[in-house]
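So that you can map any letter, position 28 of the sequence shown is 27 in numbering that gives the first Met the number 0, and since no number is skipped, the others follow by simple counting.
Built from N, CA and C at the ideal position, the CB exists for glycine as well.
For clarity, every value in this text was computed on a predicted model and none was experimentally measured.
Data block below; observations after.
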Amino acid sequence: MARPKKSCFGLNADNLLDSLRVRGGSAPLHSIRFSNLVIQSLLDQKLVKVQNTGCGFVLEINEEK
């Protein structure tokens, strides 16, 4: 039986999370080349959070569970 296909949107969200993990858990928001919808969906699910560093914004994996 064939595996159920994951939506392209879900794959992009997974790729963004993997990218953040490779970068040590955070990345400057301006350097992320994913759509705003993907970033917003991860924020809505509380998987990532945005921090204001004073010199810019950083997207980081939310470790609170």
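Report back the beta-carbon spacing between residue i and residue j to the nearest angstrom; my notes put them in contact at under 8 angstroms.
i	j	result
Asn61	Val49	10 angstroms between Cβ atoms; not a contact.
Tell me the residue span of the alpha helix (DSSP H) that contains residue i.
i	result
Ser25	Premise fails: Ser25 lies in the beta strand (DSSP E), Ser25 to Pro27, not in any alpha helix (DSSP H).
Return the chain-ordered list of same chain residues with a C-beta closer than 8 angstroms to the C-beta of residue i, the five sequence neighbours on each side being excluded.
i	result
Asn35	none
Gly55	Pro27, Leu28 and His29
Val37	Phe8, Asn11, Ala12 and Leu15
I'd like the span of the beta strand (DSSP E) that includes residue i, first residue to last.
i	result
Leu46	Taken as a continuous stretch (DSSP letters only), Leu46 belongs to no beta strand (DSSP E), as it is neither H nor E.
Ile60	Phe56 to Ile60
Might you give, ordered along the chain, the residues of its own chain that have their beta carbon closer than 6 angstroms to the beta carbon of residue i, omitting 5 neighbours on each side?
i	result
Gly24	Glu59 and Ile60
Going by DSSP in three states, residue i sits in which element: helix, strand or coil?
i	result
Ile38	helix
Arg20	helix
Gly9	helix
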